[in-house]
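K.L.:
Numbering (my numbering), first residue to last: 199 to 924. Idealized CB from N, CA, C, for every residue including glycine. Let me begin by handing over the structure; questions about it come next.
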């Protein structure tokens with residue numbers, strides 16, 4: 199059986215089990231087992247099938263069985279687990295994916311069994327300065343990551359790692375990541391239990407990595423966990439800790455933020471960094487660096503920025519925006535450091551997950567080079583950096599060797615200044631936010647994961663979790679955990695709206711409404727999100743609901759009018775715009791919209807009055823000249839229309855205006871002038887004849903209404919073809 203067939207059949211079986219169509223799932227599983235060639239699995243499936251048939255028979259006969267629900271859940275869980283085993287066995291044999299290639303290599307490692315047994319007998323790694331240290335840690339990581347189902351031996355191994363007094367926090371954190379990746383790859387109840395136990399550890403680096411892994415696993419296996427009440431129950435018990443929900447929300451928000459990392463990276467590369475490179479010498483000469491960094495971390499702008507950024511208008515605002523994004527947890531450094539992942543250090547898988555420490559063997563080797571003896575102070579500043587994730591800290595440590603001396607000094611000074619300023623700020627904030635350290639670890643770890651899934655040389659061989667929709671608010675475990683607490687979901691919905699992820703915002707606000715939040719604000723924001731998603735009917739439905747709760751809201755009335763216009767119901771739109779006009783007679787946007795509705799209703803005279811009102815109240819608004827000219831043309835006021843079109847053409851050359859002016863000349867009887875205007879629209883407007891024709895055909899009816907002979911239209915158009923091809 200091909201790899202593609204194995205994967206598609208496995209997905210179908212899991213989907214069938216999720217909706218409890220067990221007979222079909224069993225039927226689809228049998229061919230997989232036959233291909234695997236293991237009779238024991240066939241016997242196990244027969245036993246499950248027999249148990250299920252008995253349960254069905256008893257149920258059909260009306261036999262009361264208090265254990266039925268428990269038996270039913272176990273049958274489904276057993277089918278899930280058997281499917282996992284069979285699928286993994288076949289993929290190990292057939293798949294060319296990176297993970298299965300590594301599994302085959304790892305399986306055939308002749309020294310693995312002896313190493314694992316040796317560790318069980320003596321749970322310690324070699325000296326970090328020893329030659330085999332990274333190899334041994336990598337072996338442990340791969341063993342935890344690539345083992346499908348943990349037996350008692352694997353559980354004992356991980357527990358020894360967890361409880362070891364000799365292993366460092368960094369080493370344990372690497373193993374927790376192996377556990378996370380292993381659980382996301384292969385469902386295993388024992389891995390859940392181990393991650394729960396790691397979350398109960400005291401060190402934040404370990405605890406928060408375990409929490410991230412748990413939440414991703416709960417997201418991935420949400421439907422399946424309904425059949426494992428023990429696992430779901432442990433998550434609910436953790437809710438007894440008053441800080442737990444805050445940590446869960448922090449993880450979810452950071453995962454959602456990661457979706458914008460690539461877009462933010464492009465902005466850095468295309469807009470910010472080119473200008474910053476030009477400014478680098480000026481920054482050192484014009485500014486007191488400590489003062490600049492210090493104040494940029496607070497609220498005030500450095501007054502010297504005005505002079506510094508005078509040659510780069512707009513850069514200051516972008517820098518301030520990026521500083522704010524950084525403070526909120528956005529990943530502003532991805533693009534900068536993505537170019538520094540080519541060092542040999544990053545060829546080793548575990549190094550992508552290694553918390554930064556100057557004690558890492560490869561960093562230690564770096565410091566021992568004579569020309570880099572000065573690095574110890576620099577590395578200390580790097581370690582303390584609040585905003586750099588671990589992966590980027592390693593990048594900058596290796597990358598600084600190839601930088602010019604001036605840039606080395608600039609980075610060194612900057613990181614030291616940041617560390618000094620942040621220490622004072624963080625000491626103050628600890629009094630306000632006791633979870634500050636937890637949030638930092640969560641942010642840095644998720645950014646480390648993002649870099650791995652996007653930049654690791656063989657990243658395409660992994661199921662990239664950052665391509666998942668990450669709509670936690672739709673998952674059963676999330677609803678159970680935050681039952682009765684809508685504030686968390688409100689924060690997510692607002693974040694999506696702020697980031698212009700309108701479809702997700704619409705879904706999140708819709709769930710808020712379904713949970714009983716029928717405030718006008720939620721309904722309006724739901725409407726706005728659907729409007730920006732292009733679904734004007736849904737947007738209108740929400741705006742109308744909001745109007746019932748909060749009538750005569752100017753913003754909402756105008757949005758209702760807008761949706762009716764997009765839905766081609768100008769008469770309904772006009773009713774709501776008139777209400778808005780009554781509330782604010784001087785609102786020009788409302789007056790323009792009224793004019794548009796009247797134009798759509800072919801009430802050209804009334805539309806013209808609205809446009810003239812806008813021109814009177816805002817004489818600098820030249821855009822209103824265009825609908826004035828068009829309405830004048832439709833009303834047969836050709837001289838007035840001509841005057842406004844010529845005014846427009848004095849401002850800019852627009853092919854629409856030239857085409858309209860051509861219509862006007864034709865209706866006035868000057869066909870040569872009309873042809874010339876049409877020619878100009880193509881040449882000066884830089885459009886093709888087909889594009890011209892599309893605009894022209896939209897206006898055909900209006901030309902006929904102005905007494906243009908329909909038979910003349912194709913003749914004149916053909917003449918125009920000869921003219922433009924001459």
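1) Classify residue 497 as helix, strand or coil using the three-state DSSP reduction.
2) May I ask you to report which of helix, strand or coil DSSP gives residue 816?
3) Ordered along the chain, which non-local residues of its own chain (more than five positions away) have a Cβ less than 7 Å from that of residue 684?
4) Please report how far the alpha carbon of residue 722 lies from the alpha carbon of residue 733, in whole angstroms.
5) Counting only runs of 3+ residues fully inside the region 519-607, write out the beta strand (DSSP E) ranges in chain order.
6) When DSSP labels each residue in this structure, what does residue 320 get in the three-state scheme?
7) According to DSSP, simplified to helix, strand and coil, what is residue 699?
8) Do you know how far the Cα of residue 869 is from the Cα of residue 910?
9) Helix, strand or coil for residue 670? Go by DSSP, reduced to three states.
10) If contacts are defined as beta-carbon pairs under 8 Å, then residue 384 and residue 286 qualify, I think. What distance do you get, rounded to the angstrom?
11) By the DSSP assignment, the alpha helix (DSSP H) with residue 716 in it spans what residues?
12) Buried or exposed: which applies to residue 211, given that a residue is buried once 16 or more other Cβ atoms fall within 10 Å of its Cβ?
13) Decide if the region 433-441 is in contact with the region 673-681; the criterion is three or more beta carbon pairs, one per stretch, under 8 Å apart.
14) Within its chain, find whatever has a CB closer than 8 Å to the CB of residue 820; leave out the 5 residues flanking it on each side and keep chain order.
15) Where in the region 773-832 do unbroken runs of the alpha helix (DSSP H), each at least 4 residues long, occur, reported from the N-terminal end onward?
16) So, is residue 257 buried or exposed, given that buried needs 16 or more other C-beta atoms within 10 angstroms?
17) What residue from 315, 823, 777 and 767 has the CA that sits closest to residue 800's CA?
18) Considering just the uninterrupted stretch of the alpha helix (DSSP H) at residue 461, what are its terminal residues?
19) Give me the Cα-Cα distance between residue 547 and residue 534, rounded to the nearest whole angstrom.
20) Return the CA-CA distance between residue 691 and residue 394, expressed in angstroms with no decimal places.
21) Could you work out which residue in 575, 416, 556 and 530 is closest to residue 586 when comparing CA atoms only?
22) Should residue 662 be labelled buried (16 or more other beta-carbon atoms within 10 Å of its own) or exposed?
23) How big is the Cα-Cα spacing for residue 669 and residue 854?
24) Could you round the C-beta distance between residue 372 and residue 643 to whole angstroms and report it? I think they count as a contact, below 8 Å.
25) Where does the unbroken alpha helix (DSSP H) through residue 744 begin, and where does it stop?
26) So is residue 252 buried or exposed if we call it buried at 16+ other beta carbons inside 10 Å?
27) Inspect the beta-carbon positions of residue 539 and residue 649 and report whether they are closer than 9 Å.
28) Is there at least one Cβ from chain D nearer than 9 Å to residue 245's Cβ?
29) Let me confirm a value: residue 926 is counted as buried when at least 16 other C-beta atoms fall within 10 Å, else exposed. Which label applies?
30) By a C-beta neighbour count over all protein chains shown, 10 Å radius and 16 as the cutoff for buried, is residue 378 buried or exposed?
31) Go to residue 386, then tell me how far its alpha helix (DSSP H) extends in each direction, as first and last residue.
32) If you draw a straight line from the alpha carbon of residue 789 to that of residue 808, how long is it in whole angstroms?
33) Can you find a heavy atom of the ligand PLP that lies under 8 Å from the Cβ of residue 692?
34) Whole angstroms are fine: how far does the CA of residue 396 sit from the CA of residue 240?
35) Which residue from 802, 599 and 893 puts its Cα closest to that of residue 567?
36) Taking 8 Å as the limit between beta carbons, can you name the residues of its chain near residue 381, skipping five residues before and five after?
P.N.:
In short:
1) For residue 497, the pLDDT reaches just 48, beneath the cut-off of 50, and the residue's location in the model is therefore unreliable, leaving the point undetermined.
2) Annotated three-state conformation of residue 816 is coil, per DSSP.
3) Shown here for residue 684: same chain residues with a beta carbon closer than 7 Å to its own, the five before and five after excluded, namely 710, 713 and 715 in chain order.
4) Near 14 Å, if we compare the C-alpha coordinates of residue 733 and residue 722.
5) Counting only runs of 3 or more, we get nothing.
6) Collapsing the DSSP output to three states places residue 320 in coil.
7) When secondary structure is reduced to three states using DSSP, residue 699 falls in the coil class, being assigned neither helix nor strand.
8) Roughly 11 Å between the two C-alpha positions.
9) Residue 670: helix per DSSP, three-state reduction.
10) Sure, about 6 Å apart at Cβ, within 8 Å.
11) Taken as a continuous stretch (DSSP letters only), residue 716 belongs to no alpha helix (DSSP H), as it is neither H nor E.
12) Burial call: buried.
13) Between the region 433-441 and the region 673-681, the count of Cβ pairs shorter than 8 Å is three or higher; the stretches touch.
14) Excluding positions up to five away in sequence, the list reads 845, 846 and 849.
15) 786-798, 802-815 and 823-832, all fully within the region 773-832.
16) If you draw a 10 Å sphere on the C-beta of residue 257, you find fewer than 16 other C-beta atoms in it, and that means exposed.
17) When C-alpha distances from residue 800 are compared across 315, 823, 777 and 767, the shortest belongs to 767.
18) Per DSSP, residue 461 belongs to the alpha helix (DSSP H) from 459-465.
19) Answer to the nearest angstrom: the Cα atoms are 21 Å apart.
20) A straight-line Cα-Cα distance of about 29 Å links residue 691 and residue 394.
21) Checked all of 575, 416, 556 and 530; the closest Cα to residue 586 is 530.
22) With fewer than 16 other Cβ atoms within 10 Å, it is exposed.
23) Annotation: residue 669 to residue 854 spans about 44 Å, alpha carbon to alpha carbon.
24) Between residue 643 and residue 372 the Cβ distance is about 12 Å, and since that is not below 8 Å, they are no contact.
25) Residues 734-747.
26) Classification for residue 252: exposed.
27) Contact: yes.
28) Included in the structure is just one protein chain, with no chain D present.
29) With the chain covering 199 to 924 only, the question about residue 926 has no answer from this structure.
30) With 16 or more other Cβ atoms within 10 Å, it is buried.
31) Run containing residue 386: none; DSSP gives neither H nor E here.
32) Rounded to the nearest angstrom, the two C-alpha atoms are 6 Å apart.
33) Among the ligands in the structure shown, none appear at all, so the ligand PLP cannot be discussed.
34) In a straight line, the C-alpha of residue 240 is about 37 Å away from that of residue 396.
35) When only C-alpha atoms are compared, the closest one is 599.
36) Residues 389, 390, 393, 411 and 415 of the same chain have their beta carbon placed closer than 8 Å to that of residue 381, with the five preceding and five following residues left out of the count.
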